[in-house]
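K.L.:
Taking my numbering, the leading residue of the sequence shown gets 1, the next gets one more, and so forth.
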Amino acid sequence: MKTYQVGKRIRYSFGKVDEILNVPDLVEIQHKSFKELLDHGILRILKKFSPITSVKTEGRRDKGFSLEFVGFRVGEPLHSVEECKQRLLTYVAPFYATVRVTDLSTGEMREEEVSLGNYPIMTENQTFVINGVERVVVSQLVRSPGVYFVEEPTKNIGAKPIYVAHFLPVRGVWLEVLLNLNDETLYARIDRRKKLNLFLVLKTLGYQNDIDILSLFPTYIDVEDDYALKQAEGVIILEKVVSKSGEVLAEKGSTLTPTLVEIFREH
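1) Leaving aside the five residues before and after residue 228 along the sequence, list all residues of the same chain whose C-beta is less than 7 Å from its C-beta, in chain order.
2) In this structure, how does DSSP classify residue 219 when only helix, strand and coil are distinguished?
3) Within 10 Å of its beta-carbon, does residue 237 have 16 or more other beta-carbons around it, so buried, or fewer, so exposed?
4) Kindly list the residues whose CB is nearer than 7 Å to the CB of residue 127, restricted to its own chain and excluding five residues on each side of it in sequence; keep chain order.
5) Excluding sequence positions up to five away, which residues of its chain have a Cβ less than 8 Å from the Cβ of residue 252?
6) Only counting the same chain, and skipping five residues up and downstream in sequence, which positions put a Cβ closer than 8 Å to that of residue 164?
7) Using CA atoms only, rank isn't needed, just tell me which of 131, 101, 75, 185 is closest to residue 90.
8) Under the assumption that residue 233 contacts residue 261 (Cβ atoms under 8 Å), give the Cβ distance between them as a whole number of angstroms.
9) My understanding is that residue 99 touches residue 119, with C-beta atoms under 8 Å, so please give their C-beta distance in whole angstroms.
10) Please classify residue 255: does DSSP put it in a helix, a strand, or coil?
11) Please report the residue range of the beta strand (DSSP E) in which residue 184 lies.
12) At which residues does the alpha helix (DSSP H) containing residue 228 begin and terminate?
13) So, are the CB atoms of residue 25 and residue 31 less than 9 Å apart?
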């Protein structure tokens, strides 16, 4: 009987033929890859998002704030490997990042550790436990980055379908824009969470009012096209309308009325 070591395990051989080659560590690649990610890769990813600066808006006197990631740490596992297998849990540990917030007006800096969720970790056997199942390689099916337009049926009988634009980035959160024809409203949904009004989401990105948002998607109307002018009555004028002589015919934000239509035709 002979003994030999494979990784951290001691194995016994009862064979009569001598072993010519030692059995290699078959999961060495996964172990090195995970160690490289933990030691250097995570910090490189966090550095790619640094610094994050606040949006500058009109009328704001201060210069805003800047946030950057300066470090991270992985805590102790929340449950043991055996407990994760019995309770169908994922073997994870809490993940913390050290962030530095800088006041760009005064230069004052403050560092604080924040929680970014849980991080799957490798067991002593160089495997992962995902939902109670022990795996060596955790695969994930990822759709190609881009924009996908789909039509989703509604549960209500006779209701109109919902049209959705899926924005899949190379990295970062998923964004969905939904057009509900039943209430004629545009919604936005981030990472498949609760949907929000699209105008509200755009305002959080720095657009001050509805006029600024509508200016992103202008519709141009030929004043010589009587049918187009008739159909456009009641819409909001996004830019100041000036005649060839320089006279202001309509101010920005005003409503296109039949009176304005006649004024446009005269000029």
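Every residue, glycine too, gets a C-beta built ideally from N, C-alpha and C. Given the structure is predicted, the values throughout are model-derived calculations rather than measurements.
P.N.:
On the basis of the supplied data:
1) By one-based count along the sequence shown, residue 228 stands at place 228. So the qualifying residues of the chain are 221, 222.
2) One-based indexing of the sequence shown puts residue 219 at position 219. Coil at residue 219, not helix or strand.
3) Numbered from its first residue, the sequence shown carries residue 237 at position 237. So residue 237 counts as buried.
4) Taking the sequence shown and counting its residues from 1, the one referred to as residue 127 is at position 127. Same-chain partners within the cutoff: 134, 135, 136.
5) Working through the sequence shown from its first residue, we reach residue 252 at position 252. Exclusion of the five residues before and after residue 252 leaves 211, 237, 238, 239, 240 as the residues of its chain whose Cβ lies within less than 8 Å of its Cβ.
6) Within the sequence shown, the letter at position 164 stands for residue 164. Around residue 164: 149, 150, 151, 152, 176, 177, 178, 179.
7) Mapped onto the sequence shown, residue 90 falls at position 90. Comparing Cα positions, the closest option is 131.
8) Walking along the sequence shown from the start, residue 233 turns up at place 233. Walking along the sequence shown from the start, residue 261 turns up at place 261. Their Cβ separation, rounded to whole angstroms, is 7 Å, which keeps residue 233 and residue 261 in contact under 8 Å.
9) Here residue 99 refers to the residue found at position 99 of the sequence shown. Here residue 119 refers to the residue found at position 119 of the sequence shown. Actually they do not touch by this definition, with Cβ atoms about 17 Å apart.
10) The residue labelled residue 255 in the question sits at position 255 within the sequence shown. DSSP places residue 255 in strand when its eight states are reduced to three.
11) For the purposes of this step, residue 184 is taken as residue 184 along the sequence shown, with counting starting at 1. Per DSSP, residue 184 belongs to no beta strand (DSSP E) and is neither H nor E.
12) The residue labelled residue 228 in the question sits at position 228 within the sequence shown. Its alpha helix (DSSP H) spans residues 226-231.
13) Looking up residue 25 in the sequence shown gives position 25. Looking up residue 31 in the sequence shown gives position 31. Yes; because the gap between Cβ atoms is below 9 Å, this pair is in contact.
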